[in-house]
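Asks: Numbering (my numbering), first residue to last: 82 to 351.
Glycine residues also receive a C-beta, built at the ideal position from the N, C-alpha and C atoms.
Shown next as structure tokens:
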């Protein structure tokens, strides 16, 4: 199911990129709840509820895209982006993945047999939210207090009750979460997120023997990038002896105007 969902998300984004004429800083699309898009109906409804409850979106409109009836959500993240870069241990400014991509990541976590989702650098909480909406116990760890405070009204309005935690993920005590087979999603692109990934993996695997880690990679490596292997994460994957389960290429806000999207590399310790 996840493979077809990913395929249709990429197709939808490709058509949206060709036809969207708006000028909003932030724009993305969700199939309407009446469409035949291959996604769990309850999860799609929850995604719309998230968008309607999230202050970063200020308007929406209907559209027909790739033969699907859709809703385009438009917004702005500038004030939150500025707040997210003021911390010494912030390795990635707030720039969210697509909501549909968050849905696919949550579905994949479930399909691969993980019992919890821990989103590191959770931003507005969308991945943890989608995980909880999928029935997976989910946590969002975010260093920026303003972003965490933005998440709390969304949780209350939607009733999707994941746990939002304002903390530095590099020194957090993961034992307090009572995890059994968690999937950690590391919000950091190659090189920028390397220190974050190193710290989180070391701390988390000290007590958790069966864990997964998802990295945001790149299909296009810069000439002078330190690591050109495994989408920019080869050294980290090899250093911690992680096995690659799968790679899902999905739309993100930073690839909205590009043909190639962001590869999410699913790995595990077992």
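When the Cα atoms are used, what is the spatial distance from residue 250 to residue 106?
Replies: 28 Å
Asks: Give me, in chain order, the residues of the same chain whose beta-carbon lies closer than 6 Å to that of residue 212; leave out the 5 immediate sequence neighbours on both sides.
Replies: Counting only residues of its own chain and dropping the five nearest sequence neighbours on each side, residue 212 has a CB closer than 6 Å to the CB of 187, 198, 219.
Asks: Can you look up residue 158 in the DSSP assignment and give me helix, strand or coil?
Replies: coil
Asks: Quick check on DSSP: helix, strand or coil for residue 283?
Replies: Helix, per DSSP.
Asks: Excluding the 5 residues flanking residue 140 on each side, which residues of the same chain have their C-beta closer than 7 Å to its C-beta?
Replies: 155
Asks: Report the CB separation of residue 134 from residue 201 in whole angstroms; it is logged as a contact under 8 Å.
Replies: Wrong, their Cβ atoms sit about 23 Å apart, outside the cutoff.
Asks: Using 8 Å as the threshold, is the segment 271 to 282 in touch with the segment 310 to 320, meaning 3 or more CB pairs across them?
Replies: yes
Asks: Have a look at the DSSP bridge pairing and note the partners of residue 197.
Replies: 218, 263
Asks: Spell out the partners DSSP gives residue 345 in its beta bridges.
Replies: 297, 329
Asks: Distance, Cα to Cα, residue 255 vs residue 101?
Replies: 42 Å
Asks: Kindly give me the distance between the Cβ atoms of residue 350 and residue 329, rounded to whole angstroms, as I take these residues to be in contact under 8 Å.
Replies: Rounded, the Cβ-Cβ distance is 19 Å, inconsistent with contact.
Asks: Output yes or no for whether 8 Å exceeds the beta carbon distance between residue 335 and residue 138.
Replies: no
Asks: What would DSSP say about residue 234, mapped onto helix, strand or coil?
Replies: helix
Asks: What three-state label does DSSP hand residue 84 in the structure shown?
Replies: helix
Asks: Would you tell me roughly how many angstroms separate the C-alpha atoms of residue 247 and residue 231, rounded to the nearest one?
Replies: 11 Å
Asks: Can you tell me the Cα-Cα spacing of residue 297 and residue 115, whole angstroms?
Replies: 31 Å
Asks: Can you tell me where the beta strand (DSSP E) holding residue 250 begins and where it ends?
Replies: Segment: none, residue 250 is in no beta strand (DSSP E) and carries neither H nor E.
Asks: Residue 293 and residue 253 look like a contact to me (Cβ under 8 Å); what is the Cβ gap, rounded to whole Å?
Replies: Going by Cβ atoms, the distance from residue 293 to residue 253 rounds to 17 Å, so no, they are not a contact pair.
Asks: Check each candidate in 90, 94, 120 and name the one with the smallest Cα separation from residue 82.
Replies: 120
Asks: Can you tell me where the beta strand (DSSP E) with residue 142 in it begins and where it stops?
Replies: 138 to 146
Asks: If you run the structure through DSSP and keep just helix, strand and coil, what is residue 336?
Replies: helix
Asks: Can you tell me where the beta strand (DSSP E) holding residue 107 begins and where it ends?
Replies: 107 to 112
Asks: Does DSSP classify residue 210 as helix, strand or coil?
Replies: helix
Asks: Can you name the start and end residues of the alpha helix (DSSP H) that residue 123 belongs to?
Replies: 122 to 134
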